Structure formats: C-alpha cells, structure tokens
Amino acid sequence: MKDHLLAVTVNSRLLAASSNLLRCLKPPRFSSSTSGVDLLKQTHAKLLRNGELDDTLTAGKLVADIASSHPSNLPYAHSLFERIPPPLNAFIWNSMIRGYAHSAFPEESLSLYRSMLARGYSPNNYTFPFLLRASARLADHRVGLSLHASLVRRGLDRLDPFIQTSLVSFYASVGSVEVARWVFDHSPMKDVTSWNALMKGYIACDRHADALRLFRAMRGQVDADEITMLSVVSACAHLGALGVGRGFALNGLAKEALDLFSEMQLAGVNADSVTLTGVLSACSHAGLVDEGLRVLKRMKTDYHVEPAIEHYGCAVDLLGRAGRLEQALDLIRTSPMRPDVVVWGALLVACRVYKNLELGELVAREMLDLDPHHAGARVFLSNVYAASGEWDRVQEVRSSMKEQKIYKPPGSSLMEMGVRSHIQDDRRDREDAEPQGPQASNQGCANYTCESEYQNNTF
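Put into structure tokens, the structure is as follows:
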C-alpha cells in the first residue's frame, strides 16, 4: 500500500513537472521542409489536446517560434496569433511584427502595429526596432520619421542603445546619413553595431572617405568585428586604397567575413562589385584558393557583376600567395582585359617570395613596358641579374635609374596623427602640406619593394 501511494505521489509530481516543462518549453526552430512543418503541426496539436493554448504565455511562445522559424511559416503563425484570446501581451505582438520585418512582406509589420494601437495595446522598446527595420526595407522615410516622433513622445529615444542603433541604421539606409550621424553623436552608448550601421550608410551613399574616417575614430573605443572589416575593405576598394585594405586585410577575420558573405546570400542581399572585391581579398588572406576562384568564375552568372581588373588583380594575388605562379600567369594572359601594373605587381611580389627569378624577370619587363619608371620592377631586375652574377647588367639598371632619377623608396613604418606623417627610420618627421588621403602615392611601394640580398645599396 505504501509503495502504491509512493508511486502515485511520484507520478503526480512527474505529471506536474511535465506540465510546467511544457509551458516553459521553447519548441525547436523549424525549417521550411515538409518534415519541419509536420513536426510543427504535431507540437501545435499536442498543445491543443492538453489545453495549453488557453495559456497566453505558452501560446505566445509557440507563435513566436513559428514566426521566427522561417518566413514560409508566417501565415500559419498569423492564423494562430488571431486565435489567441485577449488580452495579448506585447511579446506576442512583437513576435509577429519581428517575423514580418524579416520577411518578404515588411509592410505587414506596419499593418500589425496599426492594429495593435487600434486595439488599445501599447508598444514597448522592443517593438520599435522591428518597425524601423521594416520601414528601412520599404525605404519609407515618412513612416520612419513618424516612428521616431512616437519614440520621442514616449521617452524611449535615448534610453535604449538598441533603439539608438535602429534609428542610426534606419536613417543611414534611407540615405539620410547626416541625420544618422546626429543620432549617433547624441547616443549615450555606442556599441559596434551602431558604428557599423553608420559606416554602411556612408558606403551606401558613396561617402567612402567618411567611412574610413569613422573607422579611424572607432579604433580604441570598441573592437571591430567581421562586419566592420568587410565595410572597410569595401570602402578601400572604392577609393583605390588597396594598401589600406590589405593592411586591414581582415586581421584574422577573413573566414568570418566569408561566413558573413554567405549569410548575405541566404538573406537575399545582392553583392556588388565592391563587395566581391572584398570577398576575393578575404579569400586571398584566408588561403581559400578554390573558393576565391569559384567566386571569380561565377561573378557574371550568379551575381550579375562583370569582372573588372581589380577582381583579376585579387585573383592573381590569391594564386600568388598560394605559390601557384604559373596558374596566376595563365590567368593574366587569358583575362579579357589588358592587365595593368597593379595586376602584374601582385605576381611580381609572389615571384620574390617564392624566389622564381626567371618568371620574375618576365613579369618585371611586362611592368616596365607599362610603366618605364616603376622603381620596384627595376630593383627586382637588378636583384635577378645580381643573383646570376651578371654585374654589368646590374650596373646598367642602376645607372639608368640614377640618370632618370628613379629611386626605390626606403622601407619605413608610417603613423598618421592628424595632418602629420611620422616616418620611422627616415630620421625626420614630415608635416605634409595637405593631409594624406587614402590614395597616397606610397601604396605602390608597399606592394612592390624588393630588398636586395646581394648589395647594400639603397635607391
């Protein structure tokens, strides 16, 4: 008898625990596959049988998970949402608004918001970021302004960093970068997301120099992430500041940047020429040769972007870093456009690294055909001749450089502070008459400087 009573007690407690677990249970995220939808319906049916959908909290969690699982499940989530008896809490409303804001029908988020107000429910600080996202996707400046006014009236505009970031992102995405900057400057707390939002806004409005200035201001305040670095590479590519872009070169974040590119594709965000330049650069620094070549090959068919000379330059750099010099040469020769000095220079650097003097001589001569005054190519030729013991030809190259006043810039490290450029090992500080822009003339030297292993002469 005691054993029977003990069993009943244990079973009762287990049943109560199971019921509580069901209330707290967050159903798994479902895919749009048939099996995922079937599992979702089974969960719904089980909750119906147990009478759990009468509980607003449990029903709200189910709706929230369905709405966030996949956009194709939104109609199903909406039908459940309409059947939940009042009063509805803000969490349920926000779940549906969020789902539509991330879907192909962001206008439904605004429709739900109007319905929410009409039925006497009040939005909270979680509601507005989703609405601002929907407005940004619709490029509806008027609605965004109205939402901002509502935030001010409710006193929510400066209390929540997430709201501040959402406002910056909204104004930046609709082209009002000056307003976005004003909101950003008046935000009491700035995280990496808000910095990234403003930076992306500058890039979208072709204000790439401003994006780089913002990045410089950002350093030392918050840590950059892969989104930051991808934006920086895009800005550098637009400005032609390849030296800057490679210097940042995603600093160990190349793989994360490529993961972000994959997420962009899954989200339906179209990659442009600049984005693909950044992707190819990331592949180069991550050593992902096959992936980079695949991107180059599919640019026209998959991304509807015509490959340009900078894309081929990145691909040559990619192959050169991997030591595939002959393949890089074949790519240059078979490219549909005439290679420039930068493209040949990428291969020249690889020839120096892998000590392929024969190919390096060929590349250097190609560069000199395009730019007879290119110091890096001439110094490389001098080194090739020195390695072969052809000292007469070494002297010929050096004399020619001296006569034409062609000098190889000395190796140095540069630190910019305002308008001053402090150069280590130059034994002097140079204050430029004008600030050094991202297209400073020393970018080529960083790529093509060849140190002589045989003579101590400095050009």
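Under numbering that gives the first Met the number 0, the first residue of the sequence shown is numbered 0, with each subsequent residue one higher.
All C-beta atoms in this analysis are idealised placements derived from N, C-alpha and C, irrespective of residue type, glycine included.
Since the model is a prediction, treat every value here as computed from it, not as a measurement.
Contact under 9 Å by Cβ, residue i with residue j
{"i": "D224", "j": "V191", "result": "yes"}
{"i": "E305", "j": "K296", "result": "no"}
{"i": "I83", "j": "F129", "result": "no"}
{"i": "G319", "j": "V348", "result": "yes"}
{"i": "E325", "j": "L358", "result": "yes"}
{"i": "L367", "j": "R351", "result": "no"}
{"i": "R132", "j": "A100", "result": "yes"}
{"i": "L109", "j": "L137", "result": "yes"}
{"i": "F127", "j": "S67", "result": "no"}
{"i": "W58", "j": "L79", "result": "Note that residue 58 is Ala in the sequence shown here, rather than Trp. Yes, the Cβ-Cβ distance between A58 and L79 is below 9 Å."}
{"i": "W194", "j": "M217", "result": "yes"}
{"i": "M336", "j": "A374", "result": "no"}
{"i": "T333", "j": "E309", "result": "no"}
Chain-order list of residues whose beta-carbon lies under 7 Å from that of residue i (same chain, five-residue window excluded)
{"i": "D159", "result": "N124"}
{"i": "G222", "result": "It is worth fixing the name first, because residue 222 is Asp in this sequence and not Gly. Once the five neighbours on either side are set aside, the close Cβ partners of D222 are V191."}
{"i": "S283", "result": "G291, C313, D316, L317 and R320"}
{"i": "E365", "result": "W343"}
{"i": "D329", "result": "none"}
{"i": "L146", "result": "F127, L130, L131 and S134"}
{"i": "L356", "result": "V383 and A386"}
{"i": "C204", "result": "G174 and V176"}
{"i": "S272", "result": "V304 and A307"}
{"i": "E389", "result": "none"}
{"i": "E107", "result": "Y99"}
{"i": "G379", "result": "Inspection of the sequence shows that residue 379 is occupied by Phe rather than by Gly. L347, R351, G359, A363 and C449, listed in sequence order."}
{"i": "A103", "result": "P70"}
{"i": "P105", "result": "Y99, A133, R136 and L137"}
{"i": "K199", "result": "A171 and S230"}
Bounding residues of the alpha helix (DSSP H) (the contiguous stretch that carries residue i)
{"i": "P306", "result": "Segment: none, P306 is in no alpha helix (DSSP H) and carries neither H nor E."}
{"i": "F104", "result": "That residue, F104, is in no alpha helix (DSSP H); it is neither H nor E in DSSP."}
{"i": "V362", "result": "L356 to L369"}
{"i": "Y170", "result": "P160 to S172"}
{"i": "G119", "result": "Looking at the DSSP string, G119 is not in any alpha helix (DSSP H), and its letter there is neither H nor E."}
{"i": "P128", "result": "T126 to L137"}
{"i": "D339", "result": "No alpha helix (DSSP H) contains D339, which DSSP labels as neither H nor E."}
{"i": "V62", "result": "T55 to S68"}
{"i": "Y384", "result": "A374 to A386"}
{"i": "K199", "result": "V191 to A203"}
{"i": "I331", "result": "L324 to T333"}
{"i": "Q394", "result": "W390 to E402"}
{"i": "G507", "result": "No statement about residue 507 is possible, as the shown extent of the chain runs from 0 to 458 and does not include it."}
{"i": "S149", "result": "H140 to R153"}
{"i": "Y75", "result": "L73 to R82"}
{"i": "S216", "result": "Before going further, note that residue 216 is Ala rather than Ser in the sequence given. From DSSP, the alpha helix (DSSP H) with A216 extends over H207 to M217."}
{"i": "L295", "result": "V288 to D301"}
{"i": "D224", "result": "Neither: D224 is in no alpha helix (DSSP H) and is coded neither H nor E."}
{"i": "R157", "result": "Counting along the chain, R157 falls outside any alpha helix (DSSP H), and DSSP gives it neither H nor E."}
{"i": "A179", "result": "V176 to D184"}
Nonlocal neighbours in the same chain, by C-beta distance under 8 Å from residue i, ignoring five residues either side
{"i": "T55", "result": "I83, P84, P86, L87, N88 and I91"}
{"i": "I331", "result": "Y311, V315, P338, V342, W343 and L346"}
{"i": "Q403", "result": "H372"}
{"i": "L197", "result": "V167, A171, V176, A179, R180, F183 and L213"}
{"i": "M188", "result": "P160 and Q163"}
{"i": "R323", "result": "V288"}
{"i": "D370", "result": "V340 and A376"}
{"i": "N455", "result": "Low confidence applies to N455: its pLDDT is 35, below 50, so where it sits in the model is not reliable, and the reading given next is rough at best. Result list for N455: empty, nothing under 8 Å."}
{"i": "G143", "result": "L131, S134, A135, F169, Y170 and V173"}
{"i": "D391", "result": "none"}
{"i": "E81", "result": "none"}
Cut-off 6 Å between Cβ atoms - residues of its own chain near residue i, not counting five sequence neighbours on either side
{"i": "A234", "result": "I202, H207, A210 and L211"}
{"i": "L361", "result": "none"}
{"i": "A135", "result": "F169 and S172"}
{"i": "D156", "result": "L150"}
{"i": "A76", "result": "V62, I65 and A66"}
{"i": "S186", "result": "Q163"}
{"i": "L111", "result": "M95 and I96"}
Proximity test, Cβ basis, 9 Å: residue i and chain B
{"i": "D209", "result": "The structure shown has no chain B; it contains just one protein chain."}
Margin query: Within 8 Å, do at least three Cβ pairs link the region 91-100 to the region 60-67?
Written below: Three or more Cβ pairs closer than 8 Å define a contact, and the region 60-67 meets that threshold against the region 91-100.
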